[in-house]
Amino acid sequence: AVWITFLARDGSLRRAQKVSDWNGGFTGAMSDGETLGQSLAGPGDIDGDRVPDLLVGSTSGVWTLLLRKDCTVKSHRKLENSLDSSAYQAHFGNSLAVSTLPGPGALPRIASGGYLGNKKTEDRFVWLFTLGHDGALRAR
């Protein structure tokens, strides 16, 4: 699960919203043991509704969560890891970072750490994506 917290001016907890496969309006299909929240990044307001949105790494890929004002999930998209066990597997979402391009309406660039490999060997990689206003991560 991912917890989104609302803090008071003095730093105390005012309210919290849990986002998981059972809470917070999230309806994404997840498998048992999936590590939703293994990495997080705040790309800002992606869909133009003046509410900051969230990128969340998991065992199966990277989720874009478009949020409502109360931080429940309005909609989501997932960039899924490759699951072909006969070949090299691509896994991204171990770490996430956001770099916003200059200028109005510019799309954020996302760096995602992960690996490419099979059961015997794996190499570490950084994938670069552009995050669209629809929440889709696109390869650069």
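Start counting the sequence shown at 4; every next residue gets the next number (the numbering used here). Glycine is no exception: its CB is placed at the ideal position from the N, C-alpha and C atoms. Please read all numbers here as calculations on a predicted model, not as lab measurements.
#1: Am I right that L68 and P55 are in contact with their C-beta atoms under 8 Å? What's the rounded C-beta distance?
#2: Below 8 Å on the Cβ atoms is my contact criterion, and I expect G120 with V129 to pass it. Report the Cβ-Cβ distance as a whole number of Å.
#3: Which word fits L58, buried or exposed, when buried means at least 16 other C-beta atoms lie within 10 angstroms of its C-beta?
#4: Measuring only the C-alpha atoms, how far is F95 from A109?
#5: Out of R80, Q41, G47, state which residue places its alpha-carbon closest to the alpha-carbon of K72.
#6: Roughly how many angstroms separate the alpha carbons of Y118 and A142, rounded to a whole number?
#7: Name the residue from C74, Q92, G36 whose alpha carbon lies nearest to the alpha carbon of K123.
To lay it out plainly:
#1: Here residue 68 refers to the residue found at position 65 of the sequence shown. Here residue 55 refers to the residue found at position 52 of the sequence shown. 10 Å between Cβ atoms; not a contact.
#2: Indexing the sequence shown from 1 puts residue 120 at position 117. Indexing the sequence shown from 1 puts residue 129 at position 126. Contact doesn't hold; Cβ gap of about 15 Å is too wide.
#3: Here residue 58 refers to the residue found at position 55 of the sequence shown. So L58 ends up on the buried side.
#4: Against the sequence shown, residue 95 aligns to sequence position 92. Against the sequence shown, residue 109 aligns to sequence position 106. Roughly 24 Å separates the two Cα atoms.
#5: Sequence index remark: in the sequence shown, residue 72 carries index 69 (1-based). When only C-alpha atoms are compared, the closest one is G47.
#6: Working through the sequence shown from its first residue, we reach residue 118 at position 115. Working through the sequence shown from its first residue, we reach residue 142 at position 139. Their backbone Cα atoms lie some 16 Å apart in a straight line.
#7: Here residue 123 is taken as the residue at index 120 of the sequence shown, counted from 1. It is Q92.
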